[in-house]
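Colleague: Please find one structure pasted underneath; my questions will follow.
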Amino acid sequence: MQSIDQMKTDLKYVTHGTDRLEGTSKVTGRVEYIHNLTLPNMLEVKLLRSSVAHAKIISIDTSVAAKLPGVYAVITAADICKIIPSPFYGPAFHDQPILAIGKVHYVGEPVAAVLAEDVHIAEEALHLIQVEYEELPAVFDEIEAAKSEVVVHDQLKPAGTFPDLKHIAGKRNTNIALDYQLRCGDVENAFAKADHVFEHTFKTQQLMHTPLEPMVSVGELTDAGLTIHSATQSPSFVRIEIARLLGWQENRVRVKTAFLGGGFGAKLYIKLEALAAALTLIVRRPVRVAISMEEQFYTITKHATSFNIKTAVNKQGRILGRKCEVWWNGGAFADIGPRVSQKSGFTSSGPYDIENVSIDSYQVYTNLPPAGAFRGFGIPQLVWAYESQADIIARTLNIDPVQFRRMNLLKEGVAHPTGTIMKDAALLQVLDETAERMKWDQPFNRGTEKLKRGRGISIGFKALVAPTTSMAVVSLAADGSCFVYSSTVDMGQGSDTLLAMIAAEELGLEPNNVRVIHPDTDITPYDMATLGSRSTFHMGHAVRLAAREVIEKLRVLAESLGVAGNEALNPRQLLLKKYGMQAGNIVGVGSFVPEYISPDKSTGQSTNITPNWMIGATGVEVEVDVETGKFKILHMENVVDCGTPLNPKVVASQLTGAAIMQLGAVLYEEMVFDEIGQLRNASFSEYKIPGIHDVPVVMTSHAVDSIQHNGPYGAKGVGESSAFGVASAIAEAIEDAVGVRLTTLPMKYEQICRAIHQNGKGTFFKSEK
Amino acid sequence: MIMANLNICFTLNGKPVEVSTQSHLSALELLRAKFFLYGARESCAQGLCGCCTIMVDGQTVSGCLTLAATLDGCEVVTIESLDANGQLDPVQQAFLESGAFQCGFCTPGFILMSKELLALNPNPSDADIRNYLSGNLCRCAAYPEIIQAVRLAGERIRNGQQLKQGS
């Protein structure tokens with residue numbers, strides 16, 4: 001393939017950059033969100049949620065609520081089962097009821113819905129519903145739940161979608177929804193032969209994405225069937241899942257989205273849509289299910305994890321073997337959790353060249369709000385553990401931590417523990433660039449007696465989720481303007497702009513002359529979902545292929561009309577000549593699904609586990625107040641390999657954005673539950689997300705020069721990579737400054753303070769020399 | 770539930786309006802339901818995120834915490850008025866050029882707060898900017914670009930004032 005510079009010279013928009021096409025509508029406040037949608041005759045919905053973590057429902061009395069003036073209907077599972085006999089949904093398991101049936105599984109699970117024209121009346125009526133529960137013992141901790149006699153679901157019900165979940169179907173008396181494993185070499189032998197063996201457990205906490213546009217779905221009846229307007233990242237999946245629930249053909253369900261006010265994984269797969277569909281069919285009026293910020297915490301979260309990592313190392317610092325056991329706290333419903341535990345699970349041993357690896361990754365049901373996809377799809381939890389341990393090992397062996405990584409990183413052409421040969425993974429380049437930007441080899445200002453400084457560097461990687469499909473249609477109108485039909489959802493990542501740039505590039509147009517049609521499953525073709533940094537790679541290919549088909553059709557048309565020279569590729573003149581007036585379209589279709597070989601069930605081995613590897617490293621310098629434990633990030637560098645950045649300004653904002661978002665997970669964010677599973681802090685007053693003061697004083701980011709050879713224009717995804725290394729880099733910087741090693745998130749000032757003053761007792765320790 | 774109807778009059782984006790509301794409704798609900806103004810949005814519903822920012826009598830307030838009835842007799846300005854003459858406000862223009870947003874949901878709130886800051890202090894330091902915007906949340910974390918946008922808008926506003934003084 002040609003060099004990056006050569007490619008840039010050949011390209012007009014792609015790799016150079018275009019401001020977001022919808023920018024003006026965003027700064028004027030006129031941009032379209034489903035949040036703004038109201039329909040004539042629409043009913044508002046409020047949900048009564050379970051007040052207990054695990055219980056049988058003895059009775060639900062809605063009679064008083066139903067009589068409140070202004071209430072249109074009060075709906076429970078009994079009403080829903082009349083139109084949907086088996087109202088259980090989910091992308092990996094069919095385990096989630098539209099409203100609770102016979103049992104509740106966590107505090108906050110929807111039990112009943114009140115419909116009214118006035119949302120305040122609906123809310124008032126919630127207080128008049130009486131539910132009698134018979135409480136059951138509950139289980140909250142993922143490790144305890146893995147062996148507990150308390151089971152969240154009587155029977156496991158995987159969806160048919162994933163062949164590798166089939167063996168789980170019908171299992172009873174277990175909370176383990178997926179037990180993924182990888183085996184490579186002989187890990188026990190490696191431990192026996194090692195000069196040093198390190199074993200640690202690292203933990204992460206449960207989090208919520210808190211998109212600022214809270215989740216919303218609006219249902220309406222149509223001649224064909226049903227339309228769901230939804231703030232969703234996966235319109236195609238919603239259509240398929242609603243059709244399945246109703247036993248309808250896909251073409252009777254229409255799913256439309258607009259711009260999303262943030263997603264981050266929260267709005268993936270199916271969330272409020274099934275309820276909106278069921279309620280619309282029951283009351284036969286438009287229905288709006290819009291939940292509050294507080295209720296989002298009860299809808300989907302990021303997995304809390306426990307990761308036990310045991311590593312064999314020789315005297316020189318080479319990693320000989322690694323055993324990883326990861327428990328993912330999946331909450332009460334599987335959502336996409338089993339995919340997280342497998343698709344990220346196989347990278348648990350890190351971006352390192354290790355001959356002997358054993359990975360067990362368990363998705364575990366508990367009586368907490370469900371956990372699913374969250375920017376990074378499990379990778380940040382894994383990097384936190386393997387990179388924290390990398391620093392502990394380096395400290396113990398007295399090896400520079402960057403040198404330790406350099407020595408052990410996977411090189412091009414070497415096999416990852418899955419058996420897949422590494423290709424286009426600029427690990428070393430990203431690490432070295434980060435070190436250089438941190439001036440790693442130069443003398444470092446260690447601060448003062450009271451304010452001590454330290455620094456750390458971490459690197460992580462992610463395999464692009466596979467196999468998934470994207471389709472696109474590109475259509476030229478008779479005036480030469482262009483439409484792109486794609487089900488990729490623009491939730492702030494700038495996908496509309498990029499897809500317009502690609503179509504413009506291929507067709508010789510300007511990006512603002514290309515109109516990207518927002519996902520509408522009646523119009524835009526199938527796309528797996530907008531997730532996991534997959535759209536640039538997959539939809540980028542699909543749009544490019546569709547545009548190329550347009551060019552080919554123009555060529556054929558020109559030939560058939562006997563047109564040559566400059567006019568041959570001019571759609572205006574060709575269509576005018578063919579139809580005798582300004583009429584017709586030239587339509588091209590593109591579809592893309594990368595090659596992939598699914599891993600062997602017992603060993604996790606595959607010679608093609610992923611189409612590409614996304615890489616992110618973070619370097620930080622912190623200043624810790626030795627009296628209070630309060631620390632400040634003085635300097636942060638984020639470096640990634642995203643292949644060729646196609647829209648550099650947007651790439652830069654993705655890099656800082658993902659890193660700052662991850663700072664929230666490191667510094668503050670934590671869903672706090674009491675001993676009976678009640679969430680204590682479901683609001684911004686007690687769940688702090690990063691604000692403008694939390695941005696490090698010096699913060700820069702960089703994408704290394706690299707080309708992803710199977711990517712469109714040499715690109716791969718970038719939305720998550722700069723989140724990977726943040727947590728462990730900060731942990732190392734804190735140890736570097738004050739000698740305290742943290743192994744749980746978030747890193748609270750008071751923990752550090754206590755550790756400094758207790759001299760490393762409790763869960764804190766110093767890496768031993 | 771007691772729902773008293775109230776008639777109120779106020780100035781909305783420069784035009785006098787009269788509307789019937791109820792005592793429990795927020796200014797945000799009123800602006801969206803009766804005037805179809807969607808630039809102010811409900812996110813946290815607790816006055817902690819700034820997405821619902823509007824200006825009442827020249828001061829920014831949280832639309833979700835302001836009762837609609839209290840708008841009676843006030844001057845209310847929303848994001849929609851900023852480009853009423855068909856031209857983007859310098860702050861909007863600077864946000865656009867700096868790429869100071871991703872999903873855009875928080876953007877009107879940040880723009881109104883930045884406008885207020887620059888009216889008080891056309892030459893704010895980065896610390897001034899951070900302090901003034903600390904009540905607004907952006908989950909996409911476009912904060913570095915927002916700081917840059919406010920600096921750029923300030924620079925242009927100062928140059929504009931100099932031009933006016935010079936002419």
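Listed in order, the protein sequences are those of chains A and B. Numbering-wise (my numbering), the first sequence opens with residue 1 and increments by one. Numbering-wise (my numbering), the second sequence opens with residue 770 and increments by one. Every residue gets a Cβ at the ideal spot worked out from N, C-alpha and C, and that includes glycine.
Is the Cβ of residue 850(B) closer than 8 Å to any Cβ of chain E?
Modeller: No chain E is present in this structure, whose protein chains are A and B.
Colleague: Which of helix, strand or coil does DSSP assign to residue 36(A)?
Modeller: For the purposes of this step, residue 36(A) is taken as the residue at position 36 of the first sequence. Helix.
Colleague: Residue 851(B) and residue 858(B) - do their beta-carbons sit closer together than 8 Å?
Modeller: Here residue 858(B) refers to the residue found at position 89 of the second sequence. Here residue 851(B) refers to the residue found at position 82 of the second sequence. Closer than 8 Å, so yes.
Colleague: Can you name the residues of chain A whose CB is closer than 9 Å to the CB of residue 810(B)?
Modeller: Stepping through the second sequence from its first residue, residue 810(B) is reached at position 41. Within 9 Å Cβ-Cβ: 29, 33, 35, 36, 212, 213 and 261.
Colleague: One question on the structure: do residue 125(A) and residue 110(A) come within less than 8 Å of each other, judged by their Cβ atoms?
Modeller: In the first sequence, counting from the first residue as 1, residue 125(A) sits at position 125. In the first sequence, counting from the first residue as 1, residue 110(A) sits at position 110. No. Outside cutoff.
Colleague: Could you give the distance in angstroms between the alpha-carbon of residue 741(A) and the alpha-carbon of residue 730(A)?
Modeller: Numbered from 1 along the first sequence, position 741 holds the residue referred to as residue 741(A). Numbered from 1 along the first sequence, position 730 holds the residue referred to as residue 730(A). Rounded to the nearest angstrom, the two C-alpha atoms are 10 Å apart.
Colleague: For residue 385(A), which of 499(A), 308(A), 215(A) and 257(A) has the nearest alpha-carbon?
Modeller: By one-based count along the first sequence, residue 385(A) stands at place 385. When only C-alpha atoms are compared, the closest one is 308(A).
Colleague: Pick helix, strand or coil for residue 761(A), following the three-state DSSP scheme.
Modeller: Translated into the one-based positions of the first sequence, residue 761(A) becomes position 761. Confidence at residue 761(A) is low in this model, with a pLDDT of 46, below 50, so the placement of that residue should be treated as unreliable; the coordinate-derived value is given next. The answer is coil: DSSP assigns residue 761(A) none of H, G, I, E or B.
Colleague: In its own chain, which residues sit with a C-beta less than 7 Å from the C-beta of residue 64(A), not counting the 5 before and 5 after it?
Modeller: Within the first sequence, residue 64(A) is the residue found at index 64, counting from 1. Result list for residue 64(A): 128, in chain order.
Colleague: Residue 641(A) bridges to which residues according to DSSP?
Modeller: In the first sequence, the residue the question calls residue 641(A) occupies position 641. Answer is 615(A), bridged to residue 641(A).
Colleague: According to DSSP, is residue 936(B) helix, strand or coil?
Modeller: Indexing the second sequence from 1 puts residue 936(B) at position 167. No answer about residue 936(B) holds up, because its pLDDT of 48 lies below 50 and its placement is not dependable.
Colleague: Short of 7 Å in beta carbon distance, which residues of its chain neighbour residue 405(A), apart from the five on each side in sequence? Order them along the chain.
Modeller: One-based indexing of the first sequence puts residue 405(A) at position 405. Only 390, 431 and 459 meet the Cβ criterion.
Colleague: List the residues of chain A that residue 837(B) touches, going by C-beta distances under 7 Å, in chain order.
Modeller: As a position in the second sequence, residue 837(B) is number 68, starting the count at 1. Simply none; closest approach about 13 Å.
Colleague: Quick one, which of 146(A), 143(A) and 46(A) has its alpha-carbon nearest residue 112(A)'s?
Modeller: To locate residue 112(A), count along the first sequence from 1; it is residue 112. Checking every option, the nearest Cα to that of residue 112(A) belongs to 46(A).
Colleague: Which whole runs of the alpha helix (DSSP H) in the region 290-351 of chain A are 4 residues long or more, in chain order?
Modeller: For the region 290-351 of chain A, whole alpha helix (DSSP H) runs of length 4 or above, ordered along the chain, are 293-296.
Colleague: If we define contact as Cβ-Cβ less than 8 Å, is residue 856(B) a contact residue for chain A?
Modeller: As a working note, residue 856(B) is residue 87 in the second sequence. By this cut-off, residue 856(B) is not an interface position.
Colleague: Between the region 869-882 of chain B and chain A, which residues of the former have a C-beta closer than 7 Å to a C-beta of the latter?
Modeller: Within the region 869-882 of chain B, the qualifying residues are 870, 871, 872, 873, 874, 875, 876, 877 and 880.
Colleague: Taking three-plus beta-carbon pairs below 8 Å as touching, is the region 155-170 of chain A in contact with the region 367-385 of chain A?
Modeller: Short answer: they don't touch.
Colleague: Check each residue of the region 448-461 of chain A: if its Cβ is closer than 8 Å to any Cβ of chain B, include it; give the result in chain order.
Modeller: Answer set for the region 448-461 of chain A: empty.
Colleague: Alpha helix (DSSP H) containing residue 728(A): first to last residue?
Modeller: In the first sequence, residue 728(A) corresponds to position 728, counting from 1. Segment 726-738, the alpha helix (DSSP H) holding residue 728(A).
Colleague: Helix, strand or coil: which one does DSSP assign to residue 356(A)?
Modeller: Here residue 356(A) refers to the residue found at position 356 when the first sequence is read from its first residue. Residue state, collapsed to three classes: strand.
Colleague: Please name the residue, chosen from 438(A), 41(A) and 202(A), that lies closest to residue 639(A) on a Cα-to-Cα basis.
Modeller: Here residue 639(A) corresponds to residue number 639 of the first sequence, with the count starting at 1. Out of 438(A), 41(A) and 202(A), 438(A) has the C-alpha closest to the C-alpha of residue 639(A).
Colleague: Residue range of the beta strand (DSSP E) that residue 653(A) falls in?
Modeller: For this step, residue 653(A) is matched to residue 653 along the first sequence. Looking at the DSSP string, residue 653(A) is not in any beta strand (DSSP E); the run it does join, the alpha helix (DSSP H), is 648-667.
Colleague: Is the shortest distance between the beta-carbon of residue 865(B) and the beta-carbons of chain A less than 8 Å?
Modeller: Stepping through the second sequence from its first residue, residue 865(B) is reached at position 96. By this cut-off, residue 865(B) is an interface position.
Colleague: Can at least three beta-carbon pairs, one atom from the region 271-282 of chain A and one from the region 347-354 of chain A, be found at a separation below 8 Å?
Modeller: No contact exists between the region 271-282 of chain A and the region 347-354 of chain A.
Colleague: So, are the CB atoms of residue 726(A) and residue 618(A) less than 8 Å apart?
Modeller: Residue numbering aside, residue 726(A) sits at position 726 when the first sequence is read from its first letter. Residue numbering aside, residue 618(A) sits at position 618 when the first sequence is read from its first letter. Their beta carbons are under 8 Å apart, which means residue 726(A) touches residue 618(A) by this criterion.
Colleague: Once you ignore the five residues that flank residue 121(A) on each side, which residues in its own chain have a CB closer than 7 Å to its CB?
Modeller: Residue numbering aside, residue 121(A) sits at position 121 when the first sequence is read from its first letter. Cβ neighbours of residue 121(A) beyond the five flanking positions: 68, 70 and 71.
Colleague: Considering only the beta carbon of each residue, do residue 677(A) and residue 107(A) sit closer than 8 Å?
Modeller: In the first sequence, residue 677(A) corresponds to position 677, counting from 1. In the first sequence, residue 107(A) corresponds to position 107, counting from 1. Against a cut-off of 8 Å, the Cβ pair of residue 107(A) and residue 677(A) comes out as a contact.
Colleague: If you count every other CB in all the chains shown that lies within 10 Å of the CB of residue 643(A), and 16 or more means buried, which is it?
Modeller: Taking the first residue of the first sequence as 1, we reach residue 643(A) at position 643. Buried.
Colleague: I'd like to know if residue 756(B) contacts chain A, where contact means its C-beta is closer than 8 Å to some C-beta of that chain.
Modeller: Since the first residue of chain B shown is 770 and the last is 936, residue 756(B) is not available in this structure.
Colleague: Does the Cβ-Cβ distance between residue 203(A) and residue 306(A) come in under 8 Å?
Modeller: In the first sequence, counting from the first residue as 1, residue 203(A) sits at position 203. In the first sequence, counting from the first residue as 1, residue 306(A) sits at position 306. The answer is yes: Cβ separation under 8 Å.
Colleague: Relative to chain B, which residues along the region 679-699 of chain A have a C-beta separation below 7 Å, given in chain order?
Modeller: Going along the region 679-699 of chain A in chain order, one finds 683, 684, 685, 689, 690, 691, 692, 693, 695 and 699 with a Cβ nearer than 7 Å to chain B.
Colleague: Residue 313(A) and residue 196(A): beta carbons closer than 8 Å?
Modeller: Within the first sequence, numbered from 1, the residue matching residue 313(A) stands at position 313. Within the first sequence, numbered from 1, the residue matching residue 196(A) stands at position 196. Result yes, Cβ atoms of residue 313(A) and residue 196(A) sit closer than 8 Å.
Colleague: Could you tell me the boundaries of the beta strand (DSSP E) in which residue 824(B) lies?
Modeller: For the purposes of this step, residue 824(B) is taken as the residue at position 55 of the second sequence. Its beta strand (DSSP E) spans residues 822-825.
Colleague: So which residues of chain B does residue 719(A) contact, with C-beta pairs closer than 7 Å?
Modeller: Counted from its first residue, the first sequence places residue 719(A) at position 719. Ordered by position in chain B, no residue passes the 7 Å Cβ test against residue 719(A), which lies about 10 Å from the chain.
Colleague: Under 8 Å, Cβ to Cβ, is there at least one residue of chain A near residue 936(B)?
Modeller: On the second sequence, residue 936(B) is found 167 positions in, with the first residue counted as 1. For residue 936(B), the predicted structure reports a pLDDT of 48, less than 50, and the residue's modelled location is therefore unreliable. The matter cannot be settled from this model.
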